[in-house]
Amino acid sequence: MFAVQGELFAALARQGHPDLRPQHGAVLAYLDAEGSRATELARRSGQHKQVVGKVLDELEALGYVERRPDPSDRRAKLVVPTARGLDQMARSDAILEAIERGHAEAVGADAYAAFKRMYREIVERQRARRGDAAG
Numbered sequence: 001m002f003a004v005q006g007e008l009f010a011a012l013a014r015q016g017h018p019d020l021r022p023q024h025g026a027v028l029a030y031l032d033a034e035g036s037r038a039t040e041l042a043r044r045s046g047q048h049k050q051v052v053g054k055v056l057d058e059l060e061a062l063g064y065v066e067r068r069p070d071p072s073d074r075r076a077k078l079v080v081p082t083a084r085g086l087d088q089m090a091r092s093d094a095i096l097e098a099i100e101r102g103h104a105e106a107v108g109a110d111a112y113a114a115f116k117r118m119y120r121e122i123v124e125r126q127r128a129r130r131g132d133a134a135g
């Protein structure tokens, strides 16, 4: 997975996003285009709120996100992607699609689909265990 991550961030750098690091992607991957609360990003990514907050501070300074009042609860903040953030999200999706297509062509579509199913199952089991340990 680190090879895919490296390929993704190298391509993003070539396409105008040289300032992003994997820790940024670990939060941006879970950000909704219409905005998400930081607590939701922490839950989705499986990271501590403090870690996500630090990464969001960096992303805000780099111009990828901004914090706005949540219209449903003015006490809360929504993290909303900026135009730069939306561009990065679209480019990441396209890059990952091309990477996946290449792997599927190399090993066969059925084998790659089976790999993805198994990988998702492993990740879900790990998340469930982590949730059990935290609770």
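If you're matching positions, the sequence shown starts at 1 in full-length UniProt numbering and goes up one per residue. Beta carbons are placed, not taken as given, at the ideal position from N, Cα and C, and that holds for glycine.
Simplified DSSP assignment, three categories, for residue i
i   : result
P69 : strand
R43 : helix
Whether residue i touches residue j by CB criterion (8 angstroms)
i   : j   : result
E66 : V80 : yes
D70 : A61 : no
V55 : Q88 : no
L78 : R21 : no
With 16 other Cβ atoms within 10 Å as the buried cut-off, status of residue i
i    : result
V107 : exposed
I95  : buried
Y64  : buried
Reference residue i; option with closest CA among the options
i  : options       : result
F2 : G25, S72, K49 : G25
Beta-ladder partner(s) of residue i, from DSSP
i   : result
L78 : R68
S92 : S92 is not bridged to any residue.
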